[in-house]
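Here's the structure, in structure tokens; my notes come after.
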Amino acid sequence: MTSTSERRFAAQSSRTGDGATRENSAASVMNLSQSPVAPVDAHTAPTTSQINSSPSSQSFKPNEFLTGDAFPTKMDVAPDFRPDSSDRPAKRRRRRYVEPPIFAQRSVRTKGRCPMIPNPHPPIPKHLRDSAQNPFEARRQSTPSQAPAAAIVPSTAATAVTKSGPPPVNGPPVARSTPAPAAPALPAGSLGPWEPSITGFIPHEEITKLVCDFLFQHVVLRNDATAAPAGTAAAGLGAIIEVEAKLGHIIDMDRGERLSLPILTESVINKENPRFRTAFESSMTLSQHRAMNNFLNEAVKASMPQTNQGRIPLSYAHKKERDTFYEISPSELPPVIRQNLNPRHKPKVRVTVDQRTGEVLAKIVKCRIADMDVHSPRTSVDWRVSVNLEMSYEGDVSHLPMVDSRGGRGGDRNKDRMSYRHLAYQIDLTQVAKSEPSSKGDFEHELEIEASAAEIRRQGQLAMAGDPQNQYEDLVKGFVDNIRLLARAVPPPS
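At position 281 of the sequence shown the residue is numbered 281 (full-length UniProt numbering), and the sequence of numbers has no breaks.
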């Protein structure tokens, strides 16, 4: 025990001795480039708590070589070793942020999802993607021409960022290229850049979509009849398809008046619903007929090139015809007509004669394939879209019995018709009078819009083949828009 205590006391005495008694290997610990400290007396060496922390007494002097007598002890150097702050750059203070960065912020309204980072470039509309006005193509063409110049002459901001930022790992610093100029902005209104929806597309309108499907089923997909242009009479033995719409009223059969539903906008009636027993009457009053005659005449004037150079003109024709109806047996008709006849109605042959010349214009057998009724509570009239089959009757009608006029719409009908043609549509405004009216005001007034079945089938076949150039929906939408425009122009009955 005594020898062990003596050895510990000798070791402590050797640590507090002067620097000359330390081993020479301690000198290799110090770097020769460091500055030595002043020698400290072994008998007056302070303890750790007594060391003066002043830089003037304990700091190294630069460019002074260490000698054997000037080696500092471990106690002298370790506690108060502070190199001169003038030999190294000032330490950059860490930037303090008052809030987390945008990618780390929590959004309250999205239940913890990070907020969306806005796109610096607005989305490109579909109609500009393949055109010369595509801003993406303009940016891509302008970037290669400006990149070399930016690499040779870097901007002041890029140079400053390169000097202040950390050097790259490999190679010399690379100057940042100047940003390309912004592409020309798309034409925008008071809302700025705009799109029709979040997908960039205009969603279909439901009634137009239903009419598109209705005509696609009964016109485009049929192969047992020929689709003819609007206003074409059936010729030969073949049957043709007719697409027309009529303005009138949907009659509630239980109440005997116009249908009234708790709705505020137009709607297609589901005729398969047993709760509704409806019928359609295609008629209007004399005052409404006159108003529509003036409206259509003004439309013809407004479309003339002298009035508006950008319009496609409407054509106009005034016809006076007389229709006579004859009953015919279904066995005398071809199967395409016979299988589409209404079992509650007897087939008839309509013979149309020009009132001025007496010439027979057409002998037609007509049957209705399907129809769609649309209730329009915000207008004075409803409307019905119908698909019909017409076939020219080549036989002699002299042996056929004439339809009795006492049954309602049978007998002779004298028609005073104004026809207006525009693009693929024809509008017929007709005043019908009986051959022997019971009173002076015994007239019926009808307004019909006919669409070209040939064009409907052609555009529908293009759509069915996947041709992006098809305009089937545009064609049907123009048909529906013309119906709506005319229905809204009909004034209330007076």
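For every residue, glycine included, the Cβ atom is placed at its ideal position computed from N, Cα and C.
By the C-beta density criterion, Asp213 is exposed, having fewer than 16 other C-beta atoms within 10 angstroms. Between the segment 420-432 and the segment 296-306 there are three or more C-beta pairs closer than 8 Å, enough to call the two in contact. Taking C-beta atoms under 8 Å as the contact rule, Pro343 and Met391 fail to qualify, at a distance of about 18 Å.
For His249, the uninterrupted beta strand (DSSP E) run begins and ends at Ala239 to Asp252, by DSSP. Between Ile456 and Leu215, the beta carbon gap of about 6 Å places them in contact (Cβ cut-off 8 Å). If you look at Leu286, you'll find it in the alpha helix (DSSP H) that goes Leu286 to Ala302. Judged by DSSP secondary structure, Phe443 falls within the beta strand (DSSP E) whose first and last residues are Phe443 to Ala451. Counting only residues of its own chain and dropping the five nearest sequence neighbours on each side, Pro125 has a CB closer than 7 Å to the CB of Glu195 and Gly200. In this structure Ile251 is not in contact with Leu261, their Cβ atoms being roughly 13 Å apart against a cut-off of 8 Å. Closest option to Asp474, judged by alpha-carbon separation, among Lys271, Leu400, Leu486 and Gln459: Gln459.
Bridge partners of Ala465 according to DSSP: none are assigned. A residue is called buried once 16 or more other Cβ atoms fall within 10 Å of its Cβ, and Lys246 is buried on that count. For Asn388, the enclosing beta strand (DSSP E) begins and ends at Asp382 to Ser392.
With fewer than 16 neighbouring CB atoms inside 10 Å of its own CB, Met464 falls in the exposed class. For the pair Thr357 and Met402, the Cα-to-Cα distance works out to about 22 Å. Relative to Pro491, the option among Arg378, Glu206, Glu244 and Asp396 whose CA is nearest is Arg378. The Cβ-Cβ distance between Thr352 and Asp382 does not fall below 8 Å. Note on Asn388: 16 or more other CB atoms within 10 angstroms of its CB, so buried under the neighbour-count rule.
For Ala234, there is no enclosing beta strand (DSSP E), since its DSSP letter is neither H nor E.
Cα atoms of Leu314 and Ala291: separation of roughly 18 Å, rounded to the nearest angstrom.
Taking a C-beta distance under 8 Å as the contact criterion, Ala233 and Ile328 do not qualify as a contact pair. Per DSSP, the beta-bridge partners of Phe280 are Ile250. Between the alpha carbons of Lys366 and Val385 lies a gap of roughly 16 Å. Taking a 10 Å sphere around the C-beta of Ser376, we find 16 or more other C-beta atoms and assign the residue as buried. For the pair Ser283 and Glu446, the CB atoms are nearer than the 8 Å cut-off.
For Ile328, no pairing in a beta bridge is given by DSSP. Boundaries of the beta strand (DSSP E) around Ala370: Val360 to His375. Your pair Val336 and Val397 does not check out as a contact, with CB atoms roughly 21 Å apart and the cut at 8 Å. Look at Asn342 here: in three-state DSSP terms it is coil, with no helix or strand label. When only Cα atoms are considered, Phe443 and Gln133 end up about 58 Å apart. Within a 10 Å sphere around the beta-carbon of Ile241 sit 16 or more other beta-carbons, which makes this residue buried.
Here the C-alpha atom of Pro305 lies approximately 34 Å from the C-alpha atom of Lys209.
The continuous beta strand (DSSP E) containing Arg417 extends over residues Arg413 to His422. Between Ala424 and Ala230, the C-beta gap is smaller than 8 Å, which places the two residues in contact.
Residue pairing by DSSP places Ser315 opposite Arg421 in a beta bridge. Selection Lys346, Asp373, Lys319 and Pro193 evaluated against Pro330 yields Lys346 as nearest (Cα-Cα).
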